[in-house]
Amino acid sequence: MAAKLKKGDKVVVLAGKDKGKTGEITSVDPKAGKAVVEGVNIAIRHTRQSQTAQGGRLPKALPIDLSNLAIVDANGKATRVGFRMDGDKKVRFAKTTGDVI
1 MAAKLKKGDK
11 VVVLAGKDKG
21 KTGEITSVDP
31 KAGKAVVEGV
41 NIAIRHTRQS
51 QTAQGGRLPK
61 ALPIDLSNLA
71 IVDANGKATR
81 VGFRMDGDKK
91 VRFAKTTGDV
101 I
């Protein structure tokens, strides 16, 4: 099945501790059904100092379930994603506005 959410999409969080926050998807794991969104689901990870990097308590964005994310349309609101044929090409479109994503 084609992916409704892809890397680089602007999304809004629908549920959880970060509900209402927006961000851009940095990576997607379709097998696990999760995505990493910048600025969302941040946890502190302790890392040891190395020759190249400073150690300490570093914030890291953890994966969030795809079901808790919705793409942001042109109006800045959360929308569902649909698919349609545009000529001979399959494209994603926003259900609220009908615009091609």
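Residue numbers for the sequence shown follow the UniProt record's numbering, beginning at 1 and rising by one. Note that the Cβ used here is the ideal one computed from N, Cα and C, for glycine as well.
Taking residue 46 as reference, the option from 15, 90 and 57 with the minimal CA-CA separation is 57. Take the alpha-carbon of residue 38 and the one of residue 90: they are about 28 Å apart. Remark: C-beta atoms of residue 18 and residue 40 approach each other more closely than 7 Å.
Counting other Cβ atoms within 10 Å of its Cβ, residue 92 reaches 16 or more and is therefore classed as buried. Leaving aside the five residues that flank residue 60 on each side, the residues in its chain whose CB is nearer than 8 Å to its CB run, in chain order, 42, 43, 44 and 45. With 16 or more neighbouring CB atoms inside 10 Å of its own CB, residue 23 falls in the buried class. As DSSP reads the structure, residue 23 sits in a beta bridge with 11. Per DSSP, reduced to three states, the secondary structure at residue 58 is strand. As computed with DSSP, residue 101 is found in no beta bridge at all. The Cβ atoms of residue 25 and residue 4 lie no closer than 7 Å to each other.
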